[in-house]
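*Asks:* Dropping the structure in here first, questions after.
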Amino acid sequence: MSASDGFAGYGPLPDAYDELFAQPGQARAAFERVAALLSAESAADFEHRQALAEAILLQEGVTFSVYADQRGTEKILPFDVLPRMIAAAEWAALEVALKQRIRALELFLHDVYGAQHILNDGTVPRDLVLGAKHYLPQVQGVMPTGGVRVHIAGIDLIRDAAGVWRVLEDNLRTPSGVSYVLENRLVTKRVFARSFAEARVSRVDLYPTKLAEMLRSVAPEGVADPRCVVLTPGRFNSAYFEHSFLARTTGAPLVEASDLFVGDDDRVFVRTIRGPMPVDVIYRRIDEAFLDPEVFRKDSMLGVPGLMRAWAAGHVTLVNAPGNGVADDKAVYPFVPAMIRYYLGEEPLLAQVRTYRCDQAEDRAYVLDHLDELVVKAVDEAGGYGMLMGPQSTASERASFAEQIRQNPRRYIAQPRVELSTCPTWDREAGGFAPRRVDLRPYILSGRDGPWVLPGGLTRVALVPGSYVVNSSQGGGSKDTWVLKA
Amino acid sequence: MTTPMIARIADHLFWLGRYVERADATARLLNVTRTLGLDADGPEADVWRPIIIATGEEDPYTARHPGDVDGEEVERYLTWDEASPVSLVRTVRAARENAWAVRSTTSLEVWQAINELHLWLDGPDGRRMFDRSRHEFYRRIQRFAQLLFGLTQSTMLHDQALDLVWLGVLLERAGQVARAIDVHHHALMGQADQAVDAMIWLAVLRVCSGYEPFARRRPGQATGPNVAEFLLLEKDFPRSIRFAVSEAHAALARLCPPGTPAGQRSVARLLTLRGWIDALDPAAAQRDLHAILTHVVDETAALGSLLWDDLFSGRTGA
């Protein structure tokens, strides 16, 4: 590269896979051309580009944690303007692998809430599945109208030191973040206009159209022109930006639970200024615990009384179906490769991370002995909560987790800490690029015609030097993800 | 399938319109009164007390600032005071909260404009401009409001959402103009000084952007009664009470056509108000000005709550 190299001095970490650079000063073969373009643009006032990107996001209201206090403080999801690259061939392979995994998880859910073959023959332990916090007995025997349970999935992938993609966890309930994928793209197109035009990057803006098509495709039988709505907890919810984004880009009205009611005929209606109108498909962005107070929380003022009844009767489609949490439980995760073999008769295409189940005596003993090396996670938490990063933990944190594991072993699993791959990321204080660890959450939509994968997905980046935690609640940010065309 | 407006969203759209119009009206009132204060020979309180009365804030303001009314204090109070529900900073924040709630229903441009106004007013730049260039400060708020009104027309679908925003704008406008006239009408009772009289009525016209339109309709006739009649009854002036009420009725009638279950009581009530204004005799209007303006203020307020019961609560027809 030339002397005006914006990446001059960038040094990948010795023990991690760098997404862009094979070694200092040498971009990976598939990215040489794009790295040169970005480098040329970056050399001139990168700090300015970063500030411009942040200003755009704030002005457009691409924010979270709105109204955390009375003055309505808002924050943008921290954004790093240098995109993460994925080569065409690599993405093609990932796409096939993700579809395989989603097909198996979908079949697993139908089986668990149906005939339970996989439990009956012991391939997956019955107690483990039926004892999962998010297993819903109310769903047993219900075949959702439209035939799909995992309409929208987000599969968290990481890359180890050898460059091998591994699934870290599955999100099959209400995976979030896709709006940032689209907004991040708008920003990089403005900030890196020239590079973007020449780089030949796969489009992401098809997502809302695909989502709207998917929602229509899973409407109840016999509804020719379905009415779809997006259900949000409300404008004070931290993910409200995304909910409104999904509503306005798909053309579906954005409703709150109080806008909906279930009539005497077990059909769902929305209150409009022209009176009640029937609703056919609900893309719900509220936890299932708050969906229907008649079923889940009798004391709750939230939710739509009777909604589960309407769903079980096949009068309305819920996206995603209730009960999916049984398949993304972190203690069920180790069995996904077995599910793929069981239902599809195929070898799993995606690697996993070695997982110790604390409800197994042998695993538990190992975990308790190696807390300082392992990452411990609560099986039913997300967002980086309920987690112990062993190598960075204090003795008292470890003692506290050891106690919790002994008290409630089913609730915990542990994994070795994977050396997550890194991407060059702007370090404002250093005034240059530094390696920061990333993961990738691709989004998979499944309608009547099977799965479709959004090219790329959300790249989350641990902005704190040395950190392995990419969650926005823990100092993480995001990057645009460029899947290069072949 | 297109869906009629969700009732709750309809309420937010209506209030979005109301708050933007309110911010505009407050900024106009403060800016014009400031200029008027500069020209006035009498005590400053004579100019500013009516403003505090017009905003309905007389009691809380006096409690906070006893003694003579001071212009700078009134401006700060009506611009920045977090305790005052009508302060500009709170009005703009309320407008933006409603815009956030209807983010999926308006347009990107409408959201961006209101968000930009809020970020500016709530941040250091707004304070700085207020301290350095007061006129520019108010003017900026007025221009943002006008930008927003233009953007609703030029970037939103011309469907129910637009009618709901404008129903809010127009009902708020009718009430604000009525208050602006009434407060000066009060202040002038018993004043014999013709020069002061004319000056104040010209100021009222300026508050309503009506100075030049009035001059074209009634050249050289800027008396109190003529100005009042113009702002009350001129059918071609977009900030007259008659215009605002007529257009508000037209919007509501489109939203709730005959035969739809919700909103019919509101339509009937607004139609009655419209008919009553249309039937006003200009001479009688000048004589009973205060009673007429009070009726307009009361009716626009009553319509606000009736619309909730009748339309926005979503209970009618359910």
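Each protein sequence line maps, in turn, to chains Z and A.
With positions in the first sequence counted from 1, the corresponding number in the working numbering is that position plus 2.
With positions in the second sequence counted from 1, the corresponding number in the working numbering is that position plus 1060.
The beta carbon of each residue, even a glycine, is placed where N, CA and C say it ideally should be.
Quick check on A/G1374: buried or exposed, where buried means 16 or more other Cβ atoms within 10 Å of its Cβ?
*Replies:* Here residue 1374 of chain A is taken as the residue at index 314 of the second sequence, counted from 1. Classification of A/G1374: buried, given that the 10 Å Cβ count is 16 or more.
*Asks:* Can you confirm whether Z/R272, when its beta carbon is compared against all beta carbons of chain A, has any partner nearer than 8 Å?
*Replies:* As a first step, residue 272 of chain Z must be located in the first sequence, where it is residue number 270. A small correction: the amino acid at residue 272 of chain Z is Val; Arg does not occupy that position in the sequence shown. At least one chain A Cβ lies under 8 Å of Z/V272.
*Asks:* Quick one: any contact between the region 435 to 445 of chain Z and the region 127 to 144 of chain Z, if contact means 3 or more CB pairs under 8 Å?
*Replies:* Contact between the region 435 to 445 of chain Z and the region 127 to 144 of chain Z is absent, because fewer than three Cβ pairs lie under 8 Å.
*Asks:* Mind listing, in chain order, the continuous alpha helix (DSSP H) runs of no fewer than 4 residues lying wholly within the region 1077 to 1141 of chain A?
*Replies:* Complete alpha helix (DSSP H) runs here, min 4: 1104 to 1114, 1118 to 1124, 1131 to 1140.
*Asks:* Whether or not the region 235 to 255 of chain Z and the region 461 to 470 of chain Z are in contact is what I'm after, with contact meaning three or more pairs of Cβ atoms, one per stretch, closer than 8 Å; do they touch?
*Replies:* No, because fewer than three Cβ pairs between the region 461 to 470 of chain Z and the region 235 to 255 of chain Z fall closer than 8 Å, the two stretches do not touch.
*Asks:* Using CA atoms only, rank isn't needed, just tell me which of A/L1353, A/L1265, A/F1074 is closest to A/D1223.
*Replies:* Residue numbering aside, residue 1223 of chain A sits at position 163 when the second sequence is read from its first letter. Taking only the C-alpha atoms, the option nearest A/D1223 is A/F1074.
*Asks:* Over the uninterrupted beta strand (DSSP E) stretch that includes Z/Q25, give me the two end residues.
*Replies:* Counting from one through the first sequence, the residue named residue 25 of chain Z turns up at place 23. Start and end: 23 to 25.
*Asks:* Tell me which same chain residues have a C-beta within less than 6 Å of the C-beta of A/R1278, skipping the five on either side of it?
*Replies:* Here residue 1278 of chain A corresponds to residue number 218 of the second sequence, with the count starting at 1. The residues are N1286.
*Asks:* Look at the Cβ atom of A/D1141, then the Cβ atom of A/A1105, and state whether they are nearer than 8 Å.
*Replies:* Indexing the second sequence from 1 puts residue 1141 of chain A at position 81. Indexing the second sequence from 1 puts residue 1105 of chain A at position 45. It is not a contact, given that the beta carbons lie outside the stated cut-off.
*Asks:* Strictly under 8 Å for the Cβ-Cβ distance: is Z/V166 near chain A by that measure?
*Replies:* Here residue 166 of chain Z refers to the residue found at position 164 of the first sequence. It does not: the Cβ of Z/V166 has no partner Cβ on chain A nearer than 8 Å.
*Asks:* Taking the DSSP output, what are the residues bridged to Z/G459?
*Replies:* Position 457 of the first sequence holds residue 459 of chain Z. According to DSSP, which records beta bridges pairwise, Z/G459 is partnered with nothing at all.
*Asks:* Spatial neighbours of Z/R359 within its chain, please: CB distance less than 6 Å, with the 5 preceding and 5 following residues excluded, ordered by chain position.
*Replies:* Position 357 of the first sequence holds residue 359 of chain Z. Here the set comprises A333, D365, I415.
*Asks:* Assign Z/D71 to one of two classes, buried (16 or more other C-beta atoms within 10 Å of its C-beta) or exposed (fewer than that).
*Replies:* Looking up residue 71 of chain Z in the first sequence gives position 69. Its pLDDT being 40, under 50, Z/D71 is placed unreliably in this model, and the value from its coordinates should be taken loosely. The residue is exposed, with fewer than 16 neighbouring Cβ atoms inside 10 Å.
*Asks:* List in chain order: all unbroken alpha helix (DSSP H) runs of 4+ residues lying wholly within the region 1274 to 1305 of chain A.
*Replies:* The qualifying runs are 1284 to 1293.
*Asks:* Would you kindly check if the distance between the Cβ of Z/P210 and the Cβ of Z/A221 is under 8 Å?
*Replies:* One-based indexing of the first sequence puts residue 221 of chain Z at position 219. One-based indexing of the first sequence puts residue 210 of chain Z at position 208. No, the pair does not count as a contact, with Cβ atoms beyond the cut-off.
*Asks:* When you compare only the Cα positions, how much space is there between Z/A18 and A/G1077?
*Replies:* The sequence position of residue 18 of chain Z within the first sequence is 16, counting from 1. The sequence position of residue 1077 of chain A within the second sequence is 17, counting from 1. The straight-line gap from Cα to Cα measures roughly 55 Å.
*Asks:* Three or more C-beta pairs under 8 Å: does that hold for the region 444 to 458 of chain Z against the region 212 to 219 of chain Z?
*Replies:* Output reads yes: the region 212 to 219 of chain Z touches the region 444 to 458 of chain Z.
*Asks:* Consider the Cβ of Z/I284: report whether some Cβ of chain A lies at a distance smaller than 8 Å.
*Replies:* Your numbering for residue 284 of chain Z matches position 282 in the first sequence. No, because no Cβ of chain A sits closer than 8 Å to the Cβ of Z/I284.
*Asks:* Three-state secondary structure (DSSP) at Z/E171?
*Replies:* Position 169 of the first sequence, counted from the first residue, corresponds to residue 171 of chain Z. Strand.
*Asks:* With 8 Å as the threshold, decide whether the Cβ of A/I1033 is near any Cβ in chain Z.
*Replies:* The requested residue 1033 of chain A does not occur in the structure, where chain A is confined to residues 1061 to 1378.
*Asks:* Below 8 Å on the Cβ atoms is my contact criterion, and I expect Z/F81 with Z/S475 to pass it. Report the Cβ-Cβ distance as a whole number of Å.
*Replies:* Translated into positions along the first sequence, residue 81 of chain Z becomes position 79. Translated into positions along the first sequence, residue 475 of chain Z becomes position 473. 16 Å between Cβ atoms; not a contact.
*Asks:* Alpha carbon to alpha carbon, how far is Z/A340 from Z/T125? Give it in angstroms, no decimals.
*Replies:* Position 123 of the first sequence holds residue 125 of chain Z. Position 338 of the first sequence holds residue 340 of chain Z. Distance between the alpha carbons of Z/T125 and Z/A340 is about 7 Å.
*Asks:* Considering only residues of the same chain and omitting the five flanking positions on each side of A/T1151, which have a CB-CB separation below 7 Å?
*Replies:* Here residue 1151 of chain A is taken as the residue at index 91 of the second sequence, counted from 1. So the qualifying residues of the chain are Y1079, R1082, A1083, T1086.
*Asks:* Going by beta-carbon coordinates alone, are Z/G8 and Z/F33 separated by less than 8 Å?
*Replies:* Position 6 of the first sequence, counting from 1, holds the residue named residue 8 of chain Z. Position 31 of the first sequence, counting from 1, holds the residue named residue 33 of chain Z. No, the pair does not count as a contact, with Cβ atoms beyond the cut-off.
*Asks:* So, A/Q1213 versus A/A1288, is the Cβ gap smaller than 8 Å?
*Replies:* Here residue 1213 of chain A refers to the residue found at position 153 of the second sequence. Here residue 1288 of chain A refers to the residue found at position 228 of the second sequence. Not a contact, by the Cβ cut-off of 8 Å.
*Asks:* Here's the rule I'm using: 16 or more other beta-carbon atoms within 10 Å means buried, otherwise exposed. How should A/A1379 be labelled?
*Replies:* In the structure as shown, chain A begins at 1061 and stops at 1378. Residue 1379 of chain A is therefore absent and cannot be evaluated.
*Asks:* What residue range is occupied by the uninterrupted alpha helix (DSSP H) comprising Z/D103?
*Replies:* In the first sequence, residue 103 of chain Z corresponds to position 101, counting from 1. First, the residue type needs correcting, since residue 103 of chain Z is Arg and not Asp in the sequence shown. Segment 90 to 114, the alpha helix (DSSP H) holding Z/R103.
*Asks:* Residues of chain A with CB under 9 Å from Z/V257, in chain order?
*Replies:* Here residue 257 of chain Z corresponds to residue number 255 of the first sequence, with the count starting at 1. Ordered by position in chain A, the residues that pass the 9 Å Cβ test against Z/V257 are I1066, R1068, I1069.
*Asks:* Decide if Z/E383 is buried, meaning its Cβ has at least 16 other Cβ atoms within 10 Å, or exposed.
*Replies:* As a first step, residue 383 of chain Z is located in the first sequence; it is residue number 381 there, counting from the start. Exposed, because fewer than 16 other Cβ atoms sit within 10 Å of the Cβ of Z/E383.
*Asks:* Against chain A, does Z/G11 count as a neighbour if the rule is that its beta carbon must be under 8 Å from one of theirs?
*Replies:* For the purposes of this step, residue 11 of chain Z is identified with residue 9 of the first sequence, where counting begins at 1. With 8 Å as the cut-off, Z/G11 does not count as an interface residue toward chain A.
*Asks:* Cα separation between Z/P453 and Z/E108?
*Replies:* As a first step, residue 453 of chain Z must be located in the first sequence, where it is residue number 451. As a first step, residue 108 of chain Z must be located in the first sequence, where it is residue number 106. When rounded, the distance between both Cα atoms is 10 Å.
*Asks:* Can you confirm whether the region 175 to 193 of chain Z touches the region 335 to 355 of chain Z when touching is taken to mean that 3 or more C-beta pairs between the two stretches lie within less than 8 Å?
*Replies:* Touching, no, given that fewer than three Cβ pairs across the two stretches are closer than 8 Å.
*Asks:* For Z/T234 and A/L1177, what's the separation of their Cα atoms in angstroms?
*Replies:* For this step, residue 234 of chain Z is matched to residue 232 along the first sequence. For this step, residue 1177 of chain A is matched to residue 117 along the second sequence. When rounded, the distance between both Cα atoms is 26 Å.
*Asks:* Please give the ranges of any beta strand (DSSP E) in the region 1300 to 1335 of chain A, keeping only runs that are unbroken, at least 3 residues long and fully inside the region.
*Replies:* Runs found: none.
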